[in-house]
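Under this note's numbering, the first residue of the sequence shown carries the number 41, and numbering increases by one thereafter.
Every residue gets a Cβ at the ideal spot worked out from N, C-alpha and C, and that includes glycine.
Have a look at the structure below, then the notes.
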Amino acid sequence: MTTALQQPSLSGQCIAEFLGTALLIFFGTGCVAALKVAGASFGLWEISIIWGVGVSMAIYLTAGVSGAHLNPAVSIALCLFADFEKRKLPFYILAQVAGAFCAALLVYTLYSNLFFDFEQAHQMIRGSQASLELASVFSTFPNPALSTAQAFLVEVVITAILMGVIMALTDDNNGLPRGAMAPLLIGLLIAVIGSSMGPLTGFAMNPARDFGPKLMTFVTGWGEISFTGGRDIPYFLVPIFAPILGACLGAAAYRGLIARHLPNAAPAPEAEQAADGKIKVS
């Protein structure tokens, strides 16, 4: 007699998305806080690797329950191109943003004395243009040399690459099955993107990763500059909409340009790849 496997409940999946997103933000913003206010000597590659490993650990933690989306842009793209249930989408996004907010708040709390000491030593007024240096510990702001349109394009391109390669890495029809290696390869992908494009926009690629911590800095004293980045327009919209557009373009490109030409490809509605909106780690 066989027993049917119990499917995770929506509440369980949302808890997993909350915890997974919180974990990657805890590691990622924690290493940047160590660099900015604690005198750590990380370079761009080290920071990118820590972000990538944080994502890998979060995927290992949550993939069996929620599919380890950890990113509203990924959830939306999987809704459109991989049959992730649309009814779950708003709950996933809320859990992801809440996880990012809480993790950023936890890192800020743990490092709070060092933040205050840094501000006093540099006569920095929280909420001023100069205070963006510390706000950027938690969320992304563009290089001053970039226009807002250029920053938008950067985020579209790097998120499209991220989503397209994620779909390739989790598609067992595309070469050798990656199985339990997929999360590590996704983490390495993020590290490569971060080390190559990070100086331009901070490689957000994730609306929850950016908006949750921005909301945290807004309520802890940085105020309006958390959302504008010192620009004339609300810059926070760029790391929300550009990654969503990029993820959809990346997913569409993979399905249309790669997946349909694979030897074992199934018709699009029946394709096994991420058909349940989950990253495979088994």
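With H, G and I counted as helix, E and B as strand and the rest as coil, what does DSSP make of residue i?
i: S49; result: coil
i: A78; result: coil
i: N246; result: coil
i: P309; result: Reliability of the predicted coordinates at P309 is poor, the pLDDT of 46 falling under 50, and the value obtained from them is presented with this limitation in mind. Three-state DSSP puts P309 in a helix.
i: P184; result: coil
i: E159; result: helix
i: L302; result: coil
i: G270; result: coil
i: S236; result: helix
i: F124; result: coil
i: T102; result: helix
i: N214; result: coil
i: M164; result: coil
i: E264; result: coil
i: G60; result: helix
i: V72; result: helix
i: N153; result: helix
i: S176; result: coil
i: G286; result: helix
i: G83; result: coil
i: A117; result: helix
i: L277; result: helix
i: A108; result: coil
i: A315; result: Here the model assigns A315 a pLDDT of 43, short of 50, so the residue's position is not dependable, and the following value carries that caveat. Here A315 sits in coil by DSSP.
i: M41; result: For M41, the predicted model reports a pLDDT of 45, less than 50, meaning its position is unreliable; a value from the coordinates is still stated below. It is coil, neither helix nor strand.
Compute the distance between the beta-carbons of residue i and residue j, then report whether it is under 8 Å.
i: P184; j: T241; result: no
i: M245; j: P283; result: yes
i: T61; j: L110; result: yes
i: P253; j: F178; result: yes
i: F267; j: P274; result: yes
i: K128; j: L63; result: no
i: I99; j: I226; result: yes
i: L286; j: A140; result: The displayed chain sequence assigns Gly, not Leu, to residue 286. No. Outside cutoff.
i: Q190; j: G270; result: no
i: A299; j: D211; result: yes
i: M237; j: I198; result: yes
i: D250; j: T180; result: yes
i: Q46; j: V105; result: no
i: L84; j: V196; result: no
Our contact map puts residue i next to residue j with C-beta atoms below 8 Å; I'd like the distance itself, whole angstroms only.
i: F82; j: C71; result: 6 Å
i: T69; j: V137; result: Not really, about 15 Å apart at Cβ, beyond 8 Å.
i: F131; j: V77; result: Rounded, the Cβ-Cβ distance is 35 Å, inconsistent with contact.
i: L302; j: N213; result: 5 Å
i: L209; j: A220; result: Going by Cβ atoms, the distance from L209 to A220 rounds to 12 Å, so no, they are not a contact pair.
i: I65; j: A144; result: 6 Å
Tell me, please, whether the segment 218 to 234 touches the segment 75 to 91 by the rule of three or more beta-carbon pairs shorter than 8 Å. yes
Check whether the segment 90 to 105 touches the segment 156 to 174, taking contact to mean three or more Cβ pairs, one atom from each stretch, closer than 8 Å. no
Does the count of Cβ pairs from the segment 144 to 158 and the segment 117 to 126 closer than 8 Å reach three? no
Is the segment 194 to 210 touching the segment 258 to 273 in the sense that three or more CB pairs, one from each, lie closer than 8 Å? no
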